[in-house]
Amino acid sequence: MADLKSMGRRGFLTAATALGIGAGLSTHAIVSAANENETSDKTSDISLRDQDLPFIGTEETFSTRELMVLNDRLFLEDTGLAELGPRRIGAMDEAGINVQILSAHTPGVQNVKGQKGIDFAYRLNKLLVDGPMATYPGRFKAFATLPLQNPEASADELERTVREDGFLGCLTNGIIGKKFLDHPDFEPLLARAEALDVPIYIHPGLPPDEVFEIYYSNMRPKYQKEFQDQVLSISAYGWHQEVVTQCLRMITSGVFDRHPKLQIIIGHMGEGLPFFYKRIVEKMGEVTEKSLEKPFEQYFHNNFWFTTSAFPQTELLDLLLKYISVDRVMFATDYPFANMKTQTDWFRAVDLPREAKEKIAFRNAEKLFGIKALVK
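Sequential numbering of the sequence shown, starting at 1, is according to the UniProt record's numbering.
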């Protein structure tokens with residue numbers, strides 16, 4: 001189990017298959033093919049129109065060798081996680097990414113207790129300030145890494161990074177030990193984020209051992225070399241659902257009634273929330289009518305932001321926008337676990353009004369974080 005959990009997340013992005021057209025196709029198939037050709041031509045036109053679209057990437061990951069050793073992630077050394085110089089800048093330039101908002105690879109230092117965790121978080125945050133943020137002014141911004149085993153110290157480090165170093169908020173990684181952010185222990189952090197007017201980005205994390213064993217442990221040991229249970233527990237399914245669970249808990253437990261200005265960001269096109277949105281709102285609305293100050297769905301529109309990270313799928317974006325305002329959706333790539341250019345090429349071709357695409361690509365991030373996409 002420990003060896004499997006040390007493997008970390010694996011990116012699995014599906015590739016589109018080309019439509020073959022040949023003799024003997026039915027009339028329906030020929031018409032469908034013609035329609036697809038028309039759609040392809042329109043997509044090409046939209047993509048050409050929006051080649052000048054600037055981008056701010058809001059979920060862009062980094063690590064260091066020290067952090068990879070801590071979290072048993074050395075197998076990720078060759079991915080570019082620790083490269084914060086020419087290689088990353090080159091990939092950004094090729095893709096047309098103007099700004100990356102950096103965040104430490106899951107689980108960061110949130111499982112490190114005591115002063116060791118506090119010191120480690122400080123070093124990681126200062127590394128960004130003194131390294132890429134200084135070397136490439138304006139190209140890199142950052143979310144703070146926090147020593148979440150100590151919520152008071154986390155609140156202090158968040159404030160220090162925001163006030164001294166210009167950080168834009170913080171990023172957490174799934175469940176913290178055996179507690180979600182709605183636990184009373186994290187009130188100091190939530191209150192400080194609200195007071196500073198900076199968001200908390202909730203990124204997925206590894207499930208606790210007990211959860212892994214009950215939900216994901218594979219009963220066919222001979223297949224363990226393929227890490228089926230590990231992938232099921234993280235990128236294929238598990239950690240996306242856990243993020244949504246954490247968000248729903250925060251609403252249900254009254255976090256946003258106590259902290260009405262607190263802003264939460266979640267990635268991966270809403271972590272599956274759009275699919276369940278109507279049912280969640282209907283069922284939870286019924287049972288929270290007397291315990292919450294607002295209708296259940298109102299918290300999604302007042303307190304949450306959503307990013308496109310690693311999900312360059314138009315049908316999912318359409319579903320997200322069916323329930324969530326375009327004013328609360330931001331672009332992200334999930335680099336280096338997803339290709340930056342693949343993401344920007346996809347979004348340039350999405351059939352949305354130019355104004356809506358600008359909001360998602362960079363304007364919403366500019367507004368939320370108080371930054372600019374166009375770097376001088």
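Here a beta-carbon is modelled for each residue, glycine too, at the ideal position from N, C-alpha and C.
Note that the structure is predicted; figures quoted are calculated from it, not measured.
Among the residues of its own chain, which have a CB less than 7 Å from the CB of residue i, if the five just before and after it don't count?
i	result
G205	T106, P107, N173, G174, I175 and W239
T288	T252 and F296
K178	P208
Identify, in the order they occur along the chain, each residue of the same chain with its Cβ nearer than 6 Å to the Cβ of residue i, setting aside the five sequence neighbours on each side.
i	result
T161	N125, A144 and F167
N218	Q228 and D229
D265	The residue asked about is misnamed: residue 265 is Ile in this sequence, not Asp. P199, Y201 and W305.
In whole angstroms, what separates the C-alpha of residue i from that of residue j?
i	j	result
Q228	F212	12 Å
R363	N303	18 Å
I234	Y215	12 Å
V255	G370	25 Å
C170	L158	7 Å
S309	M269	7 Å
R101	F55	Here the sequence assigns Ile to residue 101, which means Arg is not the residue at that position. Distance between the alpha carbons of I101 and F55 is about 11 Å.
V350	K278	25 Å
Y323	K294	17 Å
V231	E315	24 Å
D209	S40	47 Å
E77	P336	11 Å
K359	R49	16 Å
N150	K116	11 Å
S103	F347	22 Å
V243	L181	11 Å
K357	R73	36 Å
residue 414	P184	An answer regarding residue 414 cannot be provided, because it is not within the stretch 1 to 376 covered by the chain.
Q343	Q246	27 Å
K367	F120	31 Å
R88	A373	17 Å
S44	D93	21 Å
F75	K290	50 Å
L25	Q313	Annotation note: pLDDT 35 at L25 (below 50); position unreliable, no value reported.
Q51	G85	25 Å
R123	E286	47 Å
E282	V326	22 Å
V112	F300	31 Å
E187	K42	50 Å
G114	A191	22 Å
P353	F276	26 Å
M250	L292	11 Å
Tell me which residues share the same chain as residue i and place their Cβ nearer than 8 Å to its Cβ, disregarding the 5 neighbours each side in the sequence.
i	result
T27	Its pLDDT being 39, under 50, T27 is placed unreliably by the model, and the measurement read from it follows with that caveat. Same-chain partners within the cutoff: there are none.
residue 430	Outside the displayed range of the chain (1 to 376) lies residue 430, so it cannot be described from this structure.
L248	I280 and M284
V375	N98, V99, P137, G138 and R139
P274	L316, L319, L320, K322, Y323 and I324
I118	P147, N150, A153 and E157
Check whether the Cβ atoms of residue i and residue j lie closer than 9 Å to each other.
i	j	result
E59	A236	no
G267	D334	yes
L128	F140	yes
G80	A95	no
A361	L53	yes
S328	F311	The amino acid at residue 328 is misidentified as Ser; the sequence shows Arg. No.
A365	M340	no
Q110	L148	yes
E271	Q298	no
L189	S154	yes
L165	A142	The displayed chain sequence assigns Asp, not Leu, to residue 165. Yes; because the gap between Cβ atoms is below 9 Å, this pair is in contact.
F47	D257	A small fix is needed here, since residue 47 is Ser in this sequence, not Phe. Not in contact: S47 and D257 (Cβ atoms no closer than 9 Å).
> Is the number of C-beta pairs between the stretch 246–261 and the stretch 216–226 that are closer than 8 Å three or more?
Replying inline: no
> Can you give, in chain order, each stretch of the beta strand (DSSP E) that sits fully within the stretch 147–229 and has at least 3 residues?
Replying inline: 170–173 and 200–203
> Given 8 Å as the limit, is there contact between the stretch 184–202 and the stretch 125–137, that is, 3 or more CB pairs closer than that?
Replying inline: no
> Residue ranges of each alpha helix (DSSP H) run of no fewer than 4 residues wholly in the stretch 239–296, ordered along the chain?
Replying inline: 255–258 and 273–288
> For the stretch 298–364, which segments carrying the beta strand (DSSP E) assignment without a break, of at least 3 residues, lie completely within its bounds, in sequence order?
Replying inline: 304–307
> In chain order, which beta strand (DSSP E) runs of at least 3 residues are fully inside the stretch 47–118?
Replying inline: 55–62 and 97–104
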